[in-house]
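Numbering (this note's numbering), first residue to last: 1 to 280.
Where is the CB? At the ideal position from N, CA and C, for every residue including glycine.
The structure presented is a predicted model; accordingly, all values stated were derived computationally and were not measured.
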Ligand code: DGL
């Protein structure tokens, strides 16, 4: 296939649920002419407490599905899946361009003034090689305070963004970090940008919150430009949403604008393979 035709293919983005929509938002803002396939594996959410082997199997099935749908590049818009599967995906699909997430410890370490940084992420992300390697490479001289915010992903997924429960979980996570005088909080889970107002209400203006989504959008542009695979169409790109559970949840978090063409599709897992549910 020539490069122009390849450029017309969509970008595939996936997460366990709505979290990756925070990354998709940034990508759409930077690349409005790109067609996008967004897949939320809501049948399996949360990924956070699951085993690496399980998350890897899901990520392989999802990648296979997105490639079948014509994805020219895949954004693993989930820190947990990136930690568990990104290296293996790159090995197994050497011809595919992948953009993965890693907790933004590097920019935090570079800009902290107190030398103390908070990181919020899931247990699997903290246990993974990717996180260990980022800390080892960039944050040796920085004190890191971690919290895996148990239950937060599920509440965000349910849309309870400003609920007392969300306030309680974040208070519990952030208070000890504030006592330790952190000046930066890294959002190491793509669900968390949806509760930035609550986080910032707790931390106040002296603490900087780092959402890696804009950096992921810039990396996507870099890879597509380098491969001459940017979509050259003049019109607004369309959006296809896929969910292995309830695609309406994705719509609630990503309501289409008036000039946007959006389709919603339900998927089902058949063993380790994702299949479209007819008529959904
Ligand atoms: N949004 C995902 C992440 O970035 C994880 C949510 C989950 O536990 O499923 O880590």
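For residue i, the nearest candidate out of the options (CA to CA)
{"i": "residue 76", "options": "117, 260 and 20", "result": "20"}
{"i": "residue 182", "options": "7, 275, 145 and 165", "result": "145"}
{"i": "residue 261", "options": "189, 248, 241 and 273", "result": "241"}
{"i": "residue 69", "options": "265, 226 and 270", "result": "265"}
{"i": "residue 14", "options": "169, 64 and 6", "result": "64"}
{"i": "residue 32", "options": "248, 236 and 257", "result": "236"}
{"i": "residue 52", "options": "207, 128 and 29", "result": "128"}
{"i": "residue 156", "options": "193, 173, 100 and 216", "result": "193"}
{"i": "residue 245", "options": "257, 226, 267 and 203", "result": "267"}
{"i": "residue 243", "options": "38, 23, 27 and 30", "result": "38"}
{"i": "residue 61", "options": "85, 50, 180 and 18", "result": "85"}
{"i": "residue 209", "options": "132, 120 and 239", "result": "120"}
{"i": "residue 102", "options": "269, 255, 230 and 214", "result": "214"}
Helix, strand or coil at residue i [DSSP, three-state]
{"i": "residue 36", "result": "strand"}
{"i": "residue 50", "result": "coil"}
{"i": "residue 152", "result": "helix"}
{"i": "residue 198", "result": "helix"}
{"i": "residue 129", "result": "helix"}
{"i": "residue 83", "result": "helix"}
{"i": "residue 230", "result": "coil"}
{"i": "residue 183", "result": "coil"}
{"i": "residue 7", "result": "helix"}
{"i": "residue 64", "result": "helix"}
Distance cut-off 8 Å: residue i Cβ against heavy atoms of the ligand DGL
{"i": "residue 189", "result": "yes"}
{"i": "residue 20", "result": "yes"}
{"i": "residue 153", "result": "yes"}
{"i": "residue 15", "result": "yes"}
{"i": "residue 125", "result": "yes"}
{"i": "residue 216", "result": "no"}
{"i": "residue 46", "result": "yes"}
{"i": "residue 101", "result": "yes"}
{"i": "residue 80", "result": "yes"}
{"i": "residue 112", "result": "no"}
{"i": "residue 209", "result": "no"}
{"i": "residue 77", "result": "yes"}
{"i": "residue 109", "result": "no"}
{"i": "residue 5", "result": "no"}
{"i": "residue 104", "result": "no"}
{"i": "residue 121", "result": "yes"}
Buried or exposed (CB count within 10 angstroms, at least 16 for buried), residue i
{"i": "residue 232", "result": "exposed"}
{"i": "residue 263", "result": "exposed"}
{"i": "residue 82", "result": "buried"}
{"i": "residue 275", "result": "exposed"}
{"i": "residue 191", "result": "buried"}
{"i": "residue 179", "result": "exposed"}
{"i": "residue 79", "result": "buried"}
Bridge partner(s) assigned by DSSP for residue i
{"i": "residue 145", "result": "118"}
{"i": "residue 275", "result": "268"}
{"i": "residue 42", "result": "Note: residue 42 sits in no beta bridge, so no partner."}
{"i": "residue 15", "result": "40"}
{"i": "residue 241", "result": "38 and 264"}
{"i": "residue 138", "result": "According to DSSP, residue 138 bridges with nothing at all."}
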